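**Q** Just so we're aligned, residue 1 is where the sequence shown starts under full-length UniProt numbering, counting upward by one.
Don't be surprised by glycine CBs; every beta carbon is placed ideally from N, CA and C.
Predicted model only: the values in this text are computed from it and were never measured.
Structure below; questions to follow.
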Amino acid sequence: MAIADASVGAALIPTSVPRSEAWGKIRRKLVVGVPAGLVFLLLFVCFIGPFFLPLAPPTGGSVLDSGLPPGTPGHPLGTDVNGNDVLSRLIYGGRASLMIAIAVNAIGLIVGGVVGAISGFLGGKIDTLIMRGLDVLIAFPSLVLTIAIAQILGPSLPNTILALSAFSIPAVARIARSATLRIANMPFIQAADLSGSTTWRTLTRHIAPNIIPQMLNFALLGMGIVIVTEGALSFLGMGVPAPAPSWGNMIYEGQQSLSATPLLVLWPSLALLVTVLSFNLLGENLRDEMNGR
C-alpha cells in the first residue's frame, strides 16, 4: 500500500514546467531585455560609435552640399540645409541629449535623495521647512520654471543641466522622503538607534541602501521626461546652442523647411521617440519586477 501511495504521489508531481508558466518567464525576460538592449545600443552608438564609425563632422558643412537626399555616398541619411551630415548630427545630438539627461538625474538623485532622506528621517520642523520649500518649486509648472531659469542663465549645455535640475531635485526629494518614512520606524532602524548609531551613519548605512532602488527606478522614468524637456528647450533656442547638434534644435531647424525636406524632422523625432519609449519601458518593467519581489 505504501508503494502504491508513493507511486500515485510521484505521478502527481509535474515533470516539466507548465507551458503558460514557461511563456510567462520568457515574456518577462523580453519586456525587460528589449528596452534594456535598446538603451544599451543607444548609449553605445552615441558615446562610442563616433570613434569607430566613418562619420562626417556634425558641423562645418558646405552649403554646396545642402539638401542631399538619403543614400548619397558619404551621407547615408543625407544632409541638412547647411550641408551638415544628418547621421552625424543625429548621433552627436543624441550624445548631448543623453549627457544632459544623465547629469540632471544624477544631480536629482544626489541632492534630492539627501534632502528627502534627511527630511523624512528627522521629521518635525526640519521636515516641514524642507517640504514647504519643495512645494513652492513644485507649484510652478515645470516647463515654465525651466524656461525661466534657462532664459536667465542663457543657452549652453551646463546651464541647460542646471535649469532642468530645478524640477528634478524636488521630485526625487519627495520620493526619497516617502520611502524614508516607510522604513524609519522599522525594527532594524530602531535597533541602530539603540546601539548608538549617529544620524549620518543611520542614513548612509541603513536607510540609503533601502531607498536607492526605488529612486533609481524613478530616475529611469525621469530620463524620458528630461530628454523631452531638453528637446523643447533646444527647440525654443534656450537649450544646446547652435551649431552644436541636439535632437531639439535639429527638429527646430528641420521644421523651417518641413514641406520641402520632411525627413530632417522625421529622423530626430524618431530618435527621440525610441529613446524616451525605451527608458520608460525599462523603468516601468524594473519597477514591476521589484514590486513582484
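Please name the residue in Leu-194, Ala-184 and Met-215 whose C-alpha comes closest to that of Leu-203.
**A** The residue labelled residue 203 in the question sits at position 203 within the sequence shown. Considering only alpha carbons, the answer is Ala-184.
**Q** Are the CB atoms of Ile-149 and Val-226 nearer to each other than 8 Å?
**A** The count along the sequence shown starts at 1 and reaches residue 149 at position 149. The count along the sequence shown starts at 1 and reaches residue 226 at position 226. No. Outside cutoff.
**Q** Using DSSP with H/G/I as helix, E/B as strand and the rest coil, what is Asp-80?
**A** Position 80 of the sequence shown, counted from the first residue, corresponds to residue 80. In the structure shown, Asp-80 sits in coil (DSSP, three-state: anything other than H, G, I, E or B).
**Q** When you compare only the Cα positions, how much space is there between Val-86 and Thr-160?
**A** Sequence index remark: in the sequence shown, residue 86 carries index 86 (1-based). Sequence index remark: in the sequence shown, residue 160 carries index 160 (1-based). Going from the Cα of Val-86 to the Cα of Thr-160 covers about 23 Å.
**Q** Output the boundary residues of the alpha helix (DSSP H) element that contains Ile-251.
**A** As a first step, residue 251 must be located in the sequence shown, where it is residue number 251. First-last of the alpha helix (DSSP H) with Ile-251: 247-255.
**Q** If I follow the unbroken alpha helix (DSSP H) through Gly-224, where does it start and stop?
**A** Taking the first residue of the sequence shown as 1, we reach residue 224 at position 224. 208-235 is the extent of the alpha helix (DSSP H) around Gly-224.
**Q** Per DSSP, Asp-85 forms a beta bridge with which residues?
**A** Taking the sequence shown and counting its residues from 1, the one referred to as residue 85 is at position 85. Here Asp-85 is bridged, per DSSP, to Thr-79.
**Q** Touching or not, the segment 134-142 and the segment 165-173, by the rule of three or more beta carbon pairs under 8 Å?
**A** yes
**Q** On the three-state DSSP scale, how would you describe Thr-72?
**A** Looking up residue 72 in the sequence shown gives position 72. In the structure shown, Thr-72 sits in a strand (DSSP, three-state: E or B).
**Q** On a Cα-Cα basis, can you pick out the residue from Ala-242, Ile-147, Val-45 and Leu-277 that is closest to Thr-59?
**A** Your numbering for residue 59 matches position 59 in the sequence shown. Considering only alpha carbons, the answer is Ala-242.
**Q** Beta carbon of Ala-171, beta carbon of Gly-120: below 8 Å?
**A** Position 171 of the sequence shown, counted from the start, is the residue given in the question as residue 171. Position 120 of the sequence shown, counted from the start, is the residue given in the question as residue 120. Not in contact: Ala-171 and Gly-120 (Cβ atoms no closer than 8 Å).
**Q** Note down the Cα distance separating Arg-177 from Gly-116, rounded to an integer number of angstroms.
**A** Here residue 177 is taken as the residue at index 177 of the sequence shown, counted from 1. Here residue 116 is taken as the residue at index 116 of the sequence shown, counted from 1. In a straight line, the C-alpha of Arg-177 is about 4 Å away from that of Gly-116.
**Q** With Tyr-92 and Pro-54 assumed to form a contact (beta carbons below 8 Å), what rounded beta-carbon distance in angstroms separates them?
**A** Locating residue 92 in the sequence shown gives position 92, where the first residue counts as 1. Locating residue 54 in the sequence shown gives position 54, where the first residue counts as 1. Contact doesn't hold; Cβ gap of about 14 Å is too wide.
**Q** Does DSSP classify Gly-196 as helix, strand or coil?
**A** Position 196 of the sequence shown holds residue 196. Gly-196: coil per DSSP, three-state reduction.
**Q** Which same chain residues, not among the five before or five after Met-215, have their C-beta less than 7 Å away from its C-beta?
**A** Counting from 1 along the sequence shown, the entry for residue 215 is found at position 215. Here the set comprises Leu-109, Gly-113, Val-172, Ile-175 and Ala-176.
**Q** Which word fits Leu-277, buried or exposed, when buried means at least 16 other C-beta atoms lie within 10 angstroms of its C-beta?
**A** In the sequence shown, counting from the first residue as 1, residue 277 sits at position 277. Exposed, since its Cβ has fewer than 16 Cβ neighbours within 10 Å.
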